[in-house]
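K.L.:
I have a structure I would like to understand better, so I am pasting it below and will then ask my questions one at a time.
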Amino acid sequence: MANEISIGAAAPGCKKVDPILIADKVVRQFGGLTAVSVDHVEIPRGKITALIGPNGAGKTTFFNLLTGFDKPNSGTWTFDGKNLAGVAPYKVARRGMIRTFQLTKALSLLTVIDNMRLGAQNQVGEGFFASFVRPLWKAQENQITASADTLLTRFKLDAKREDYAGSLSGGQRKLLEMARALMGKPKLVMLDEPMAGVNPALTQSLLEHIKDLKSNGTTVLFVEHDMHMVRHISDWVIVMAEGKVVAEGPPADVMKDQAVIDAYLGAHADTDLGTVEIKSIKAGI
Amino acid sequence: MDLIGIFSLAGNALISPMTVGYILCGIGLALHFGYTGLLNFGQAAFAALGGYGFAIATLDFHWNIWGSILFGLICSMGFAAILGIPTLRLRADYLAIVTIAAAQALRFYVGSSTAEPITGGSAGVSQFGEEFYNLNPLPADLTFNLGTVTLTSSEVWMRIVAWVVVGIAVFFLYALTRSPWGRVLKGIREDEDAVRALGKNVFSYKLQALVIGGSIASLGGMIFVMSSQTNQPSNWGTNFTFITWTILLLGGAATLLGPVLGGMIFFALMTLIESALGILVDAGLLPFLQVEQVAQIRFLLVGLILMLLVIFRPQGFLGNKKEIQFNG
Amino acid sequence: MSQLAAKSRTRAGALLGAIAILFSILLGASPAMAQAHTADDPSTYAFTIAGTLQEKDVPIPGVTITASQDAKSFQTKSDEFGEWTIMVPTDGHWKVTLDTTTIPKEFHLATKDGAIGEADLTQTDFAAVLFKFGSAAPVQAQSIWEQLVIRVFAGFNFGLMLAIAAIGITLIYGTTGLNNFAHGEMVTLGAMIMWLGYSFLHLNIVVAGLLAVLAAMAFGWFQDAAIWRPLRKRRLGLNQMMIVSIGFGIVSRYVLLLFFGGDTKDMSGGQTIITLGPIFTSNTTLISMAISVVALIGVALFLTRTRIGKATRAVSDNASLAASTGIDVEKIIRIVWLVAAALTGLAGVLYGLQFQANWSVGFDLLLLLFAAVTLGGLGTALGAAVGALIIGMVVEVSTIWMPSELKYVSALLILIVILVVRPQGVLGKKQRIG
């Protein structure tokens with residue numbers, strides 16, 4: 491099947507026309523259990539890519555590995571042509587690959603606006619000695635605050651500007667975390683279940699935000715369970731099961747893929763994903 | 002002992018160099034724990050290194066007062082680095098165990114006969130403050146009456162210097178914590194992985210916080226030993242650290258004036274309680290207590306206050322109710 | 207002030223009330239209370255300790271001898287005839303020590319521990335203390351291997367005792383996540399109740415030991431019921447709980463001090479010395495070691511063979527999962543507290559019998575216990591036992607090369623080094639992040 495993203499037909503591990511992230515032979519074992527064993531995968535630049543698969547498939551672990559929060563037993567990966575294996579998480583972020591977490595990490599006892607300001611990179615005032623000399627960082631701080639306010643308005647959090655992040659609802663925290671990640675002007679933003687726990691009323695606007703990111707030239711990689719969302723906004727879908735990439739392609743094609751239907755969608759298309767989860771865990775043991 | 006006498010003692014406790022020593026350690030701990038979330042249970046070691054560093058530089062190296070202060074600071078900074086580099090990557094509760102262990106190990110070491118040629122062993126070091134007291138610009142015959150307590154010229158000088166240092170430390174902390182630098186620290190306190198994901202070198206910030214908070218504590222240690230000009234290992238036991246925690250939590254861990262207020266309240270209160278208990282014991286109203294045991298009651302109260310504060314008022318007296326400082 | 211205090215002491219005896227009586231019995235039991243105020247002129251002291259130092263009839267001059275009791279100590283030097291006399295102000299037991307560094311090179315103590323003696327001034331006002339010199343096995347003649355064997359034996363003994371207390375800590379940590387800084391006080395309580403029963407009330411040693419263990423269990427149950435369970439219900443954070451435990455530890459420690467006084471409790475007596483090759487040991491030590499081993503095997507069987515033990519491990523692995531399979535987590539935690547307290551109290555009993563104990567012994571051991579638990583990997587019982595044996599060995603074997611006053615320092619340094627190289631401990635597994 492021809493498409494404009496991959497070189498040749500879409501298949502697990504296929505080459506992309508313009509990849510931003512390329513991972514090779516990434517393996518992570520916990521005790522005897524292999525959580526991740528990705529032979530080769532490429533993430534297309536400037537597109538929205540969904541990473542799907544049953545719970546326990548290793549999606550979050552793969553995220554942790556790519557962003558340096560966990561160390562693989564073996565494997566290499568490059569971002570924008572530069573090696574990223576073994577690089578500390580904060581350096582990964584500085585290179586333009588910024589992630590969010592499945593369990594939101596809003597900084598509860600900081601105000602919403604301070605959460606946002608913290609997201610900005612290369613702040614002069616974050617140096618110990620410079621922090622004493624206000625004139626050194628005042629102008630930058632104003633600039634950061636202005637762009638934070640713009641983002642807050644876009645994410646409809648401007649009314650909460652001075653509230654503690656801890657007082658926000660679960661969905662609002664998700665939004666805040668995403669907005670905060672954008673403060674760092676990432677080239678690739680990695681969202682771990684951005685929809686989980688978000689009020690359905692907010693879902694639509696969140697989808698719009700993600701689409702906006704793409705139009706601004708940001709690449710998006712996200713983990714999601716909600717098939718509706720995947721179908722709706724993603725350009726490309728990668729399916730993981732038991733640590734491996736089992737299928738990939740444009741969403742419409744992947745949904746039809748027999749391997750995916752068998753492994754994940756078919757038999758349980760109408761069942762709650764919670765049941766799938768438990769069965770797959772049991773199968774894993 | 003009459004009431005005026007007791008209140009004079011309590012009033013003296015409010016401003017005494019010992020109180021200031023604890024307050025400065027509390028301010029350092031506020032930076033560690035209140036702002037950065039580091040569970041440092043070895044604050045006594047930082048203070049001890051300030052005291053020992055100063056004394057040793059003065060007595061053995063014959064350095065002047067500024068060099069000696071600098072040496073005390075360098076000692077505690079070095080200790081912070083040695084302790085922090087391996088442990089700041091670990092979980093918070095590990096840091097608690099390692100800092101308390103390191104502080105005890107240091108105290109055993111300086112008190113041992115192996116270290117005696119340098120540290121004076123269990124007897125410690127003394128008479129290192131001549132230059133400090135020579136700097137006293139106040140008239141030598143000046144006295145200051147605080148009820149029944151009379152302060153000499155050099156005692157007044159000591160207190161003035163001590164409180165100026167507190168003022169500087171508070172201002173220093175104020176400037177730091179209103180800056181983007183302080184914002185990163187607070188972020189780390191809330192969730193260090195989140196801050197890492199935003200591109201901040203969390204380890205470096207924690208180390209900076211540990212070093213700076215430790216330096217403030219070492220200034221506290223210098224003032225603590227300067228008033229009596231004696232520095233002994235027994236000053237720096239775990240109880241020193243526990244009292245520091247108590248005064249920090251009493252005032253409010255993430256507040257600027259919390260440790261100052263906490264320290265003053267704590268020591269004034271302790272003096273009042275000890276005097277009151279002493280009177281009751283003397284009057285035979287507490288037959289199960291001996292006079293010597295009254296001092297032990299102080300530590301019992303430290304433990305009790307620490308427990309009750311953490312359970313019922315974790316934000317302290319000055320803290321915002323919302324700003325509860327623990328994340329388990 | 208001292209006159210007033212003296213008056214209050216006489217009045218104290220006259221006051222009734224159950225609490226007052228209990229307190230005064232306990233305080234009266236403590237030698238620390240008997241000697242509050244003393245005159246300061248030694249020549250007026252009523253009690254005398256004396257002796258002669260000689261090796262094969264040659265007098266040893268110039269050796270410093272110290273007699274000490276609690277915080278008081280008095281010194282003298284042996285004269286040209288090797289004779290020495292110390293006047294002391296109070297009765298009771300006095301520890302008499304030779305400063306071995308002042309012994310001239312040509313003389314040797316008969317045994318390594320021979321520099322410490324005891325003067326019993328409970329019945330009389332004069333006591334002679336003998337120090338043996340020049341036996342067949344002078345200390346310096348020991349080969350490094352002999353020293354090693356002796357230290358390893360001592361380390362094994364100390365490590366076994368640490369192990370049972372460390373398993374106590376680790377069981378509680380595993381099931382509740384609490385780093386309990388008040389754990390050492392259960393060791394102290396065990397030792398103090400043992401002293402009360404065995405040395406003060408002269409009960410049978412087994413009865414006294416059982417009483418001490420029961421007291422520790424009661425204390426464990428009480429603190430869980432009164433403090434930790436309510437705090438768990440309030441969902442207090444773990445770091446917060448840890449600070450509460452520090453506070454509770456201080457309170458317990460000073461209550462113990464108020465009850466038992468600050469002196470070191472002597473529980474020796476009835477020991478027979480046993481020689482095993484180069485090792486001098488006693489029946490007390492050997493029996494203690496046997497008891498420790500039995501206790502460790504007992505815990506291992508409990509955890510692996512019994513339903514409750516298996517449930518305990520399930521709760522340690524994943525409390526919410528365990529709860530969802532029908533395990534009553536709170537009940538398990540309650541049982542764990544009882545088991546942990548019993549083990550820890552037993553460690554206190556054994557420590558007290560072998561090494562003597564005072565009010566702060568538990569806190570002094572606490573950091574070694576944490577070192578052991580961390581070394582083994584937080585939360586695994588086997589790890590804690592192995593960690594404790596290693597720490598025990600390190601503490602004892604290090605004294606071959608280091609002054610024994612620094613032996614705890616070496617253990618604490620090991621703790622720090624281990625955390626650097628292998629933070630998950632010797633036997634722990636790496637944890638999954640996120």
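Residue numbers (the working numbering), protein chains in the order written: chain D, 491 to 775; chain P, 2 to 329; chain L, 207 to 640. Glycine included, every Cβ here is placed at the ideal spot set by N, Cα and C.
Given that a residue counts as buried once 16 or more other Cβ atoms are within 10 Å of its Cβ, and exposed if not, what is residue 559 of chain D?
P.N.:
Here residue 559 of chain D refers to the residue found at position 69 of the first sequence. Answer is buried; the Cβ neighbour count reaches 16.
K.L.:
Identify, in the order they occur along the chain, each residue of the same chain with its Cβ nearer than 7 Å to the Cβ of residue 393 of chain L, setting aside the five sequence neighbours on each side.
P.N.:
On the third sequence, residue 393 of chain L is found 187 positions in, with the first residue counted as 1. Same-chain partners within the cutoff: 371, 550, 553, 554, 557, 567, 568 and 571.
K.L.:
For residue 665 of chain D, tell me which candidate among D/678, D/677 and D/690 has the shortest Cα-Cα distance.
P.N.:
Stepping through the first sequence from its first residue, residue 665 of chain D is reached at position 175. Out of D/678, D/677 and D/690, D/690 has the C-alpha closest to the C-alpha of residue 665 of chain D.
K.L.:
Please list, in chain order, all residues of the same chain as residue 362 of chain L whose beta carbon is under 8 Å from its beta carbon, the five residues on each side excluded.
P.N.:
In the third sequence, counting from the first residue as 1, residue 362 of chain L sits at position 156. The residues are 495, 595, 598 and 599.
K.L.:
Against chain P, with Cβ distances strictly below 7 Å, would residue 454 of chain L count as a contact?
P.N.:
Within the third sequence, the letter at position 248 stands for residue 454 of chain L. Chain P, which has a Cβ nearer than 7 Å to the Cβ of residue 454 of chain L, makes this yes.
K.L.:
Does the Cβ-Cβ distance between residue 272 of chain P and residue 319 of chain P come in under 7 Å?
P.N.:
Counted from its first residue, the second sequence places residue 272 of chain P at position 271. Counted from its first residue, the second sequence places residue 319 of chain P at position 318. Going by C-beta atoms, residue 272 of chain P is not nearer than 7 Å to residue 319 of chain P.
K.L.:
Counting contacts by CB-CB distance shorter than 7 Å, is residue 518 of chain D in contact with chain P?
P.N.:
Here residue 518 of chain D corresponds to residue number 28 of the first sequence, with the count starting at 1. Chain P contact via Cβ: absent.
K.L.:
What residues from the region 7-35 of chain P come within 8 Å of chain L, judged by C-beta to C-beta, listed N to C?
P.N.:
Listed by position along the chain: nothing, the set is empty.
K.L.:
Name the residues in the region 602-613 of chain D whose C-beta lies less than 7 Å from a C-beta of chain P; which are they?
P.N.:
Within the region 602-613 of chain D, the qualifying residues are 604, 607, 608, 609, 611 and 613.
K.L.:
To the nearest angstrom, report how far apart residue 455 of chain L and residue 332 of chain L are at their CA atoms.
P.N.:
On the third sequence, residue 455 of chain L is found 249 positions in, with the first residue counted as 1. On the third sequence, residue 332 of chain L is found 126 positions in, with the first residue counted as 1. Approximately 41 Å, taken between the alpha carbons.
K.L.:
I'd like the span of the beta strand (DSSP E) that includes residue 158 of chain L, first residue to last.
P.N.:
Examination of residue 158 of chain L is not possible in this model, given that chain L is present from 207 through 640 alone.
K.L.:
Closer than 8 Å between beta carbons: that is the criterion. Which residues of the region 65-88 of chain P meet it against chain D?
P.N.:
Here the close residues number zero.
K.L.:
Do the CB positions of residue 668 of chain D and residue 590 of chain D come within less than 7 Å of each other?
P.N.:
Here residue 668 of chain D corresponds to residue number 178 of the first sequence, with the count starting at 1. Here residue 590 of chain D corresponds to residue number 100 of the first sequence, with the count starting at 1. A contact, by the Cβ cut-off of 7 Å.
K.L.:
Given this structure, state the Cα-to-Cα distance separating residue 141 of chain P from residue 155 of chain P, to the nearest angstrom.
P.N.:
Sequence index remark: in the second sequence, residue 141 of chain P carries index 140 (1-based). Sequence index remark: in the second sequence, residue 155 of chain P carries index 154 (1-based). When rounded, the distance between both Cα atoms is 8 Å.
K.L.:
Can you tell me whether residue 117 of chain P is buried or exposed? The criterion is at least 16 other CB atoms within 10 Å of its CB, across all chains shown.
P.N.:
Position 116 of the second sequence holds residue 117 of chain P. Residue 117 of chain P should be labelled exposed.
K.L.:
Taking all protein chains shown into account, do 16 or more other C-beta atoms lie within 10 angstroms of the C-beta of residue 699 of chain D, making it buried, or fewer, making it exposed?
P.N.:
Translated into the one-based positions of the first sequence, residue 699 of chain D becomes position 209. So residue 699 of chain D counts as buried.
K.L.:
Just curious, the alpha helix (DSSP H) that residue 706 of chain D is in, first and last residue?
P.N.:
Counting from 1 along the first sequence, the entry for residue 706 of chain D is found at position 216. First-last for residue 706 of chain D: undefined, no H or E at that position.
K.L.:
Run through the region 608-632 of chain D for me and flag every whole alpha helix (DSSP H) of 4 or more residues, listed as ranges in chain order.
P.N.:
Whole alpha helix (DSSP H) segments, 4+ residues: zero.
K.L.:
For residue 650 of chain D, I'd like the list of residues in its chain whose CB is within less than 6 Å of its CB, leaving aside the five on either flank, ordered along the chain.
P.N.:
The sequence position of residue 650 of chain D within the first sequence is 160, counting from 1. 602, listed in sequence order.
K.L.:
From the DSSP output, read off the bridge partner residues of residue 654 of chain D.
P.N.:
By one-based count along the first sequence, residue 654 of chain D stands at place 164. Residue 654 of chain D pairs with D/601.
K.L.:
Mind pulling the chain L residues with CB within less than 9 Å of residue 385 of chain P?
P.N.:
The shown model of chain P, from 2 to 329, leaves out residue 385 of chain P, and the question about it has no answer.
K.L.:
With a threshold of 7 Å between beta-carbons, can residue 94 of chain P be considered close to chain L, or not?
P.N.:
Along the second sequence, one-based indexing puts residue 94 of chain P at 93. Yes, contact with chain L.
K.L.:
What does residue 39 of chain P reach in chain L if we use C-beta pairs closer than 7 Å?
P.N.:
Here residue 39 of chain P is taken as the residue at index 38 of the second sequence, counted from 1. Correct list: empty, because the minimum Cβ distance to chain L is about 11 Å.
K.L.:
Does any residue of chain L have a CB that is nearer than 7 Å to the CB of residue 109 of chain P?
P.N.:
Position 108 of the second sequence, counting from 1, holds the residue named residue 109 of chain P. Yes, because at least one Cβ of chain L sits closer than 7 Å to the Cβ of residue 109 of chain P.
K.L.:
Excluding five sequence neighbours on each side, which residues of the same chain lie with their C-beta closer than 6 Å to the C-beta of residue 34 of chain P?
P.N.:
Walking along the second sequence from the start, residue 34 of chain P turns up at place 33. Cβ within range, chain order: 254.
K.L.:
Around the Cβ of residue 242 of chain L, are there at least 16 other Cβ atoms within 10 angstroms (buried) or fewer (exposed)?
P.N.:
As a working note, residue 242 of chain L is residue 36 in the third sequence. Bear in mind that a pLDDT of 35 at residue 242 of chain L, under 50, signals an unreliable position, so the model cannot answer this.
K.L.:
Under the DSSP definition of a beta bridge, which residues are partnered with residue 541 of chain D?
P.N.:
Counting from 1 along the first sequence, the entry for residue 541 of chain D is found at position 51. Paired residues: D/713 and D/728.
K.L.:
Does the beta-carbon distance from residue 671 of chain D to residue 679 of chain D come in below 7 Å?
P.N.:
Counted from its first residue, the first sequence places residue 671 of chain D at position 181. Counted from its first residue, the first sequence places residue 679 of chain D at position 189. Taking 7 Å as the Cβ cut-off, residue 671 of chain D and residue 679 of chain D qualify as a contacting pair.
K.L.:
To which residues of the same chain is residue 626 of chain D closer than 8 Å at the C-beta, ignoring the five residues directly before and after it?
P.N.:
Here residue 626 of chain D is taken as the residue at index 136 of the first sequence, counted from 1. Cβ within range, chain order: 614, 615 and 620.
K.L.:
Could you please tell me which residues of the region 304-315 of chain P, in chain order, have their CB closer than 9 Å to any CB of chain L?
P.N.:
Listed by position, the residues of the region 304-315 of chain P near chain L (Cβ gap below 9 Å) are 304, 305, 306, 307, 308, 309, 310, 311, 312 and 315.
K.L.:
Which one of L/451, L/541, L/615 and L/253 has the shortest CA to CA distance from residue 273 of chain L?
P.N.:
By one-based count along the third sequence, residue 273 of chain L stands at place 67. When only C-alpha atoms are compared, the closest one is L/253.
K.L.:
For residue 607 of chain L, which of helix, strand or coil comes out of DSSP?
P.N.:
Counting from 1 along the third sequence, the entry for residue 607 of chain L is found at position 401. Coil.
K.L.:
For residue 281 of chain P, decide whether its Cβ has a neighbour in chain L, counting only Cβ atoms nearer than 7 Å.
P.N.:
Within the second sequence, residue 281 of chain P is the residue found at index 280, counting from 1. Chain L contact via Cβ: absent.
K.L.:
With 16 other CB atoms within 10 Å as the buried threshold, where does residue 562 of chain D fall?
P.N.:
By 1-based counting over the first sequence, the position of residue 562 of chain D is 72. Residue 562 of chain D should be labelled buried.
K.L.:
Determine, for residue 611 of chain L, whether the minimum Cβ-Cβ distance to residues of chain P falls below 7 Å.
P.N.:
Within the third sequence, numbered from 1, the residue matching residue 611 of chain L stands at position 405. Yes, its Cβ sits closer than 7 Å to a Cβ of chain P.
K.L.:
Measuring CB to CB, does residue 460 of chain L end up less than 7 Å from residue 289 of chain P?
P.N.:
Here residue 460 of chain L corresponds to residue number 254 of the third sequence, with the count starting at 1. Here residue 289 of chain P corresponds to residue number 288 of the second sequence, with the count starting at 1. No, the Cβ-Cβ distance between residue 460 of chain L and residue 289 of chain P is not below 7 Å.
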